[in-house]
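One line per chain: the protein sequences are A and B, in this order.
Reading the first sequence from the start, the letters are residues 17 to 162 in this note's numbering.
Reading the second sequence from the start, the letters are residues 17 to 162 in this note's numbering.
Quick reminder that beta carbons are idealized off the backbone N, C-alpha and C, glycines included.
These figures come from a predicted structure and were not determined experimentally.
Protein chains: 2
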Amino acid sequence: MNISAKSKYAVRALIELAQQNNSHPVPIGDIAAKRDIPLQFLEQLFSSLRKAGILNSHRGVRGGFSFKKLPEDVSVLDVVEILDGDVAPATCTIGASCDKSSRCAVRDVWADAKSSLEGVLAAANIADLADREIMMQEEVKEMYYI
Amino acid sequence: MNISAKSKYAVRALIELAQQNNSHPVPIGDIAAKRDIPLQFLEQLFSSLRKAGILNSHRGVRGGFSFKKLPEDVSVLDVVEILDGDVAPATCTIGASCDKSSRCAVRDVWADAKSSLEGVLAAANIADLADREIMMQEEVKEMYYI
DNA sequence: CCGATTCTTGACAACTCCTATAAGCAAGGA
DNA sequence: TCCTTGCTTATAGGAGTTGTCAAGAATCGG
Numbered sequence: 017m018n019i020s021a022k023s024k025y026a027v028r029a030l031i032e033l034a035q036q037n038n039s040h041p042v043p044i045g046d047i048a049a050k051r052d053i054p055l056q057f058l059e060q061l062f063s064s065l066r067k068a069g070i071l072n073s074h075r076g077v078r079g080g081f082s083f084k085k086l087p088e089d090v091s092v093l094d095v096v097e098i099l100d101g102d103v104a105p106a107t108c109t110i111g112a113s114c115d116k117s118s119r120c121a122v123r124d125v126w127a128d129a130k131s132s133l134e135g136v137l138a139a140a141n142i143a144d145l146a147d148r149e150i151m152m153q154e155e156v157k158e159m160y161y162i
Numbered sequence: 017m018n019i020s021a022k023s024k025y026a027v028r029a030l031i032e033l034a035q036q037n038n039s040h041p042v043p044i045g046d047i048a049a050k051r052d053i054p055l056q057f058l059e060q061l062f063s064s065l066r067k068a069g070i071l072n073s074h075r076g077v078r079g080g081f082s083f084k085k086l087p088e089d090v091s092v093l094d095v096v097e098i099l100d101g102d103v104a105p106a107t108c109t110i111g112a113s114c115d116k117s118s119r120c121a122v123r124d125v126w127a128d129a130k131s132s133l134e135g136v137l138a139a140a141n142i143a144d145l146a147d148r149e150i151m152m153q154e155e156v157k158e159m160y161y162i
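If you want it as structure tokens, here you go:
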């Protein structure tokens, strides 16, 4: 399974939401505009994230989305798995020979690759990324001042 | 970029070729039949592997393919990169905000994921996999004898 | 209650990529 | 010359991704 644009959009949107965390909901339109993400596409993604228990939503005037889980408890892996499914590079259902001949040595390689990928993605959480993004932007500002 | 069926077919085919290494070329039809891979599809894959310098080919009667590089010098990463391209989960050309706003914190995550994946795939070579497959099959045979 | 705002949902269309097939050509050996 | 085998290109079907459209439901302020 691939890491698609869905996950990339969603992570960026969640970072934006984490940075705007003013204790009141943020309309999805604001996030879409600020991060240049197709609005109605992002609606689908946030809907999935809400069903998965990561976000809260409130309808009506001054409604919007807010975090249900703490941003530091939401990893990139969570987002990817919700939107793109399992990150396994190979669901080992390739051919008949993989089914009948007991064991396939290559399967272990794909399994290792999966574990390794999961480890990296699980280590990155939204709160950290939001902080790091701000730090990066401040570095750039300083460069201009000097 | 995803790890597609192409790479999986190719790795299995290379393992088969390594196991049949009788110093003379092996016809691609034999490999396709033994590993249950569509013949004309495998032809395309082996053609790419030949151009990449991994295989040698000989046409005509008693022709076929043989390794140009040693099987132990061919990693799974080599095969995947030849057939599927870069294993990067994200070519960071997503949206305008990634281009204009200097640096994107998420990009580091995708970069880490890529390195990690490359490490795992580079550690696995065809010769090892061929040996391990044979060992696995012998284990199964022993189980039946007991 | 009314209307504006915002999320909710389902359908669907355009597009790209993957997988596989077809057909004909090239080369080498008997 | 003929058969075997690899080589190349074109193409088609299918699946998945990406994005859009449209109607609807909930909530809030007035």
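**Message:** Suppose you measure from the CA of Asn38/A to the CA of Phe81/A; what does that come to, to the nearest Å?
**Reply:** 11 angstroms
**Request:** Give a yes or no on whether the minimum CB-CB distance between Leu71/A and chain B is below 8 angstroms.
**Result:** No, Leu71/A lies away from the interface with chain B (no Cβ there is under 8 angstroms from its Cβ).
**Item:** CA-to-CA distance, Ala104/B to Ala139/B, given in whole angstroms
**Value:** 17 angstroms
**Asked** What residues from chain A crowd round Ile98/B, counting only those whose CB sits closer than 7 angstroms?
**Response** Under the 7 angstroms cutoff, chain A gives no residues; its nearest Cβ is about 16 angstroms from Ile98/B.
**Request:** Determine the DSSP secondary structure at Gly111/A, reduced to helix, strand or coil.
**Result:** At Gly111/A the pLDDT is 43, less than 50, meaning the model places this residue with poor confidence; the figure from the coordinates comes in the next sentence. Coil at Gly111/A, not helix or strand.
**Message:** Among the candidates Glu134/B, Ala106/B, Pro87/B, Pro43/B, whose CA atom is the shortest distance from the CA of Gly69/B?
**Reply:** Pro87/B
**Message:** Please state the DSSP three-state secondary structure of Gly69/A.
**Reply:** coil
**Prompt:** Is Ala140/B close to chain A, meaning its C-beta is less than 8 angstroms from at least one C-beta of that chain?
**Reply:** yes
**Contacting residues, own chain, Cβ-Cβ under 7 angstroms from Ala26/B (five flanking each side not counted)** = Leu61, Leu65, Val95, Leu99
**Message:** Please identify, using Cβ separations under 8 angstroms, the residues of the segment 25-49 of chain B that lie next to chain A, in order along the chain.
**Reply:** Tyr25, Val27, Arg28, Ile31
**Prompt:** Can you name the residues that DSSP bridges to Phe81/A?
**Reply:** Val42/A, Ser73/A
**Prompt:** Within this structure, are the beta carbons of Pro54/A and Gly79/A separated by less than 8 angstroms?
**Reply:** no
**Asked** Shorter than 8 angstroms from the beta carbon of Ala87/B to some beta carbon of chain A?
**Response** Here residue 87/B turns out to be Pro, not Ala, going by the sequence shown. Chain A contact via Cβ: absent.
**Request:** Could you tell me how far apart the beta carbons of Ala29/A and Arg51/A are, in whole angstroms, since I believe they sit closer than 8 angstroms?
**Result:** 6 angstroms
**Asked** Who pairs with Asn141/A in a beta bridge, going by DSSP?
**Response** Ser91/A
**Item:** Leu145/A to Ile31/A span [Cα, whole Å]
**Value:** Taking the Cα positions, Leu145/A is about 7 angstroms away from Ile31/A.
**Message:** Please return the same chain residues whose Cβ sits closer than 6 angstroms to the Cβ of Ala129/A, not counting the five positions on each side in sequence.
**Reply:** Pro105
**Prompt:** Any beta-carbon of chain A closer than 8 angstroms to the one on Asp102/B?
**Reply:** no
**Message:** List, in chain order, every chain B residue whose beta-carbon is nearer than 8 angstroms to that of Asp94/A.
**Reply:** Simply none; closest approach about 13 angstroms.
**Request:** Name, please, each residue of chain B whose Cβ falls closer than 9 angstroms to the Cβ of Leu133/A.
**Result:** Pro105, Ala129, Ser132, Leu133, Val136
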